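Novice:
Residue numbers (the numbering used here), protein chains in the order written: chain U, -4 to 103; chain F, 82 to 991.
(1) At 7 angstroms on the CB atoms, spell out the chain U contacts of residue 99(F), in chain order.
(2) What does DSSP give as the partner residues of residue 56(U) in its beta bridges?
(3) Looking at the structure shown, is residue 282(F) part of a helix, part of a strand, or coil, going by DSSP?
(4) Are there three or more Cβ pairs, one per stretch, closer than 8 angstroms when the stretch 634 to 641 of chain F is compared with the stretch 800 to 810 of chain F?
(5) Does the Cβ-Cβ distance between residue 463(F) and residue 336(F) come in under 7 angstroms?
(6) Against chain U, with Cβ distances strictly below 7 angstroms, would residue 90(F) count as a contact?
(7) Have a look at residue 740(F) and residue 817(F) and give me their C-alpha separation to the nearest angstrom.
(8) Are residue 57(U) and residue 65(U) close, meaning C-beta to C-beta below 7 angstroms?
(9) Could you check where the alpha helix (DSSP H) with residue 940(F) kicks off and where it finishes?
(10) Using the beta-carbon count (16 or more within 10 Å), is residue 85(F) buried or exposed?
(11) Please check if any C-beta of chain U sits within less than 7 angstroms of the C-beta of residue 112(F).
(12) Give the secondary structure of residue 263(F) by DSSP, where H, G and I count as helix, E and B as strand, and everything else as coil.
(13) Taking just the CA atoms, how far does residue 544(F) sit from residue 831(F)?
(14) Whose C-alpha, out of 756(F), 592(F), 563(F) and 307(F), is nearest the C-alpha of residue 491(F)?
(15) Since residue 353(F) contacts residue 286(F) with CB under 8 angstroms, what's their CB separation in whole angstroms?
(16) Please state whether the Cβ-Cβ distance between residue 424(F) and residue 182(F) is less than 7 angstroms.
(17) Let me check one thing: in DSSP terms, what residues is residue 333(F) bridge-paired to?
(18) To which residues of the same chain is residue 102(F) closer than 7 angstroms at the C-beta, ignoring the five residues directly before and after it?
(19) Since residue 848(F) and residue 665(F) should fall inside the 8 angstroms C-beta cutoff, what is the C-beta to C-beta distance between them, to a whole number of angstroms?
(20) For residue 753(F), name the three-state secondary structure that DSSP assigns.
(21) Taking contact to mean 3 or more Cβ pairs, one atom from each stretch, closer than 8 angstroms, check whether the stretch 260 to 267 of chain F and the stretch 275 to 294 of chain F are in contact.
(22) Would DSSP call residue 819(F) helix, strand or coil?
(23) Checking 7 angstroms against the spacing of the C-beta atoms, do residue 391(F) and residue 379(F) come in under that value?
(24) In this structure, does DSSP put residue 848(F) in helix, strand or coil?
(25) Could you check what DSSP says for residue 859(F) in three-state terms: helix, strand or coil?
(26) Quick one: what's got a C-beta closer than 6 angstroms to residue 5(U)'s C-beta in the same chain, skipping five residues either side?
(27) In terms of alpha-carbon separation, which member of 318(F), 984(F) and 342(F) lies closest to residue 333(F)?
(28) Which of the residues in the stretch 7 to 25 of chain U, read from start to end, lie with their CB under 9 angstroms from any CB of chain F?
(29) Between the stretch 853 to 860 of chain F and the stretch 781 to 797 of chain F, are three or more C-beta pairs nearer than 8 angstroms?
(30) Let me check understanding here. Comparing Cα to Cα, which of 310(F), 600(F), 453(F) and 509(F) lies closest to residue 921(F)?
(31) Just the Cα atoms here: how many angstroms apart are residue 273(F) and residue 306(F)?
(32) Does the beta-carbon of residue 975(F) have 16 or more other beta-carbons within 10 angstroms, so that it is buried, or is it exposed?
(33) What is the rounded straight-line gap between the Cα of residue 472(F) and the Cα of residue 893(F)?
(34) Name the one or two DSSP bridge partners that residue 212(F) has.
(35) Would DSSP call residue 461(F) helix, strand or coil?
(36) Write down the C-beta distance between residue 629(F) and residue 851(F) rounded to the nearest angstrom, noting that I regard them as a contact closer than 8 angstroms.
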């Protein structure tokens, strides 16, 4: 299923709020949590990561991890955390509003 | 901020970043593959989805702004390589762009210098002048008394200066007389403070240097005059300059950019107006206070005052002036005139220029023509580009297939176009620097009438490469590049997706319509060029009513100090007689205004037996004062009555000779000789020969044939001639007519020397043949004819290149088809005819579209034409024939190539 522009950014931020992850990890995590509804391929994942990194919302570090493998781990910055909170609030406000409209519509 | 820093960092760490990107992607891939294997897929299957990183990497790069900069740079380098690889195309395209851009830039530079430059002074926007509109007359000048009353308006004006400009040619520096005419600015002491200019060397004069009449012999030099006459001596303050009988001390030199308030006619030096009587010694005493109406006010508004407020204040004063003028018992005529009069406050931030109005129409015509030429250039280059991008079909297809987006390819092609335009612009700039000099030379020559004498009147403007010219060229190149680049680029970036016959046909159509447009526009330029050159030819060769090859005109000014002016009458007696004695001279005589001096004299009203003939300007009568045998020297036939002779002096009855036009208008078929006629002018404040003739009656003693008198375009203006002895006060200048036995040209120097021998103080302004004089008056016509001819030529050349390119391209495209035709038995001549016929059809379509457009366009230039209609069939036919001939020539080579196609090779190449 395709994602609304900007939604992917929010999902990535949310995923990284729990713990730093590498790119593949982020992709699979989003897929898992959404129980397979959202499938995030590298073609959209990497540009999104790049975009977020560029605007200072996430920060990447090379880390040697499990099985002695080097990987680029992404973590939230402070402004990323703030952004996530405000985006989440905004999202909730909007979805609630849309839900209300849809309900009203069905009564009519 | 973060974004910018990160962008810059990645821009400079390109290699490292790319490695990191690779590593991260590889890591992703490995994990993905492991994951899939774990879920039981085959290794091969697992790897499939990530076959190529490149698009991913590309989109990662695109996520940051720096990628745009970087890829632009890449596009630029790529574009440059492409252009270098096709030198022939690049040179042809850049050269044609250069011609188009240079034409526009050089015309812009002249336009800019004449019209768009503010005076180089502090706060020029606060400068205004006062313009009187009285009846049909408009004037910047007024009397000194009026100026003083306006100056007193210190609640709206910070201050006001008065200027009166005069030509002098009796300046001495170091005891050496300067033969040239100099432009003297006689200005009030506050002039420099009002206009807002300071001296570059020494100081300017101030109000305290302009207090007592005749008491301030000081002078401020212009930079040009300082360089020319004082050799740029930096210690010039304190040096001397002599004019008439007065020696002036140099106070300072103005900056180079400042040449006074007249654009195109720079002032050479400035003298306080209190010295007016010493500079213009020929004037009656107390010229400043006297009724002279030659003072141009220049006012500076107070900073807190709007133009509207100042206007209101000025109007009140002007009304008061009129009330006093009308007095207690005004005549109905005066009241009517008062009603038609008003005074305007006119912004002077761009200075004044007498040439501005005269040149605005020709410059407008040239700007439009240059614009058309540039459009033609765009169509031409666009066509070349289409043919060329078509050759790059494969390259572009590959790039599209490799994931290069349409936008990227569009951008790449546009960058190439802009690069080409920049190249053309740079070349064009070089051409333009040269061309604007040449253009100024064309505008510059030509005489103008000044204060009763003729002066060679160069439009003295400085045009040099500066930020404005550079900016204009840059902007023009940018627009040009976008214009010619956008269509081919757009087509290439998407058109190649839909390949096949349809695409090819459409490409052909686009190229052809561009070609048709080009032909149509070229035709308009060519028709314009033909009309203008026929106009010039008609004006130059028209029947003047004079013998143009055996007549010399020697112009002198008698208003050069009292010594000369007091002798004016004697000089009128002496000079023609002495010149008549020169070997090779048949006869010689003189008049005040001469002929073909190009002036716009106002003329006077005339009445016969109290029956006036006034109103429109062309009903005004021009007048001149002449010596006996004037008409004989000009070979103008006396149609009735007698010529003036020695009897017609100050004591004799006042007599006139009228020309045929006047006789016809006032007397119809009856004989005017012996009749009486009144001349008068209430409205005119101009000095005309004979002055205000109000209510003066003359007896007509003769009728003379018409001639082209003042300007080459006015055929039969009504003229009156009067004997010079009957009005000695108005002998302000002298034009000596010298009729030679042989060709007049070689006699010029002899005449000049002889005048000098008669009186070395008499300035000879110009000695020329009637032919040359006429030709000098046709500066504007020649300017337009020359340039439009040049534009037309360039357009033809471009059409030639364009057609050659288009036909070559279509022949190359159709090699197979032609091969087949030949293989199945088509005669080669038939192929030749086929290709040429197609070309002619294109040209025919262009002409069919161009002719109606030209018919509309030429209507706008009707006033500029002479002796030729706007829809002149000869011009149209010539233009169309020339274009067709050029088209066939251009198409001939590729057509021959098509006809010589070897069917075997052609078919094998499929």
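From the three backbone atoms N, C-alpha and C, an ideal C-beta is built for every residue, glycine too. This one's a predicted model, so the numbers in the text were calculated from it and none came from an experiment.
Specialist: So, from the data block:
(1) Within chain U, no C-beta atom comes nearer than 7 angstroms to that of residue 99(F); the closest sits roughly 13 angstroms away.
(2) Note: residue 56(U) sits in a beta bridge opposite 68(U).
(3) Reduced to three states, the DSSP call for residue 282(F) is strand.
(4) By the Cβ criterion, the stretch 634 to 641 of chain F is not in contact with the stretch 800 to 810 of chain F, since fewer than three pairs of Cβ atoms, one from each stretch, lie closer than 8 angstroms.
(5) Not in contact: residue 463(F) and residue 336(F) (Cβ atoms no closer than 7 angstroms).
(6) Taking CB atoms only, residue 90(F) has no neighbour in chain U less than 7 angstroms away.
(7) The straight-line gap from Cα to Cα measures roughly 20 angstroms.
(8) Contact: yes.
(9) 909 to 940 is the extent of the alpha helix (DSSP H) around residue 940(F).
(10) Exposed, because fewer than 16 other Cβ atoms sit within 10 Å of the Cβ of residue 85(F).
(11) Interface criterion met: the Cβ of residue 112(F) is under 7 angstroms from a Cβ in chain U.
(12) Of the three classes helix, strand and coil, the one that applies to residue 263(F) here is strand, per DSSP.
(13) Residue 544(F) has its alpha-carbon roughly 37 angstroms from the corresponding atom of residue 831(F).
(14) Of all alpha-carbon atoms in 756(F), 592(F), 563(F) and 307(F), the one lying nearest the alpha-carbon of residue 491(F) is that of 563(F).
(15) So it is a contact: roughly 6 angstroms between Cβ atoms.
(16) No, the Cβ-Cβ distance between residue 424(F) and residue 182(F) is not below 7 angstroms.
(17) Beta bridge pairing from DSSP links residue 333(F) with 283(F) and 301(F).
(18) 138 and 141.
(19) Between residue 665(F) and residue 848(F) the Cβ distance is about 14 angstroms, and since that is not below 8 angstroms, they are no contact.
(20) Three-state result, residue 753(F): coil.
(21) Put simply, the stretch 260 to 267 of chain F does not touch the stretch 275 to 294 of chain F. Fewer than three CB pairs are less than 8 angstroms apart.
(22) Three-state DSSP puts residue 819(F) in a strand.
(23) Not in contact: residue 391(F) and residue 379(F) (Cβ atoms no closer than 7 angstroms).
(24) Judged by DSSP in its simplified three-state form, residue 848(F) adopts strand.
(25) Residue state for residue 859(F) is assigned as coil, using DSSP reduced to three classes.
(26) Contacts found: 82.
(27) When only C-alpha atoms are compared, the closest one is 318(F).
(28) Contact annotation: in the stretch 7 to 25 of chain U, residues whose CB is within less than 9 angstroms of a CB in chain F are 17, 18, 19, 20, 22 and 23.
(29) Contact between the stretch 853 to 860 of chain F and the stretch 781 to 797 of chain F is present, because at least three Cβ pairs lie under 8 angstroms.
(30) When only C-alpha atoms are compared, the closest one is 600(F).
(31) Roughly 18 angstroms between the two C-alpha positions.
(32) Result: buried.
(33) Roughly 11 angstroms between the two C-alpha positions.
(34) DSSP lists 425(F) as the beta-bridge partner residues of residue 212(F).
(35) Correct three-state label for residue 461(F): helix.
(36) The pair is a contact, with the Cβ atoms about 4 angstroms apart (cut-off 8 angstroms).
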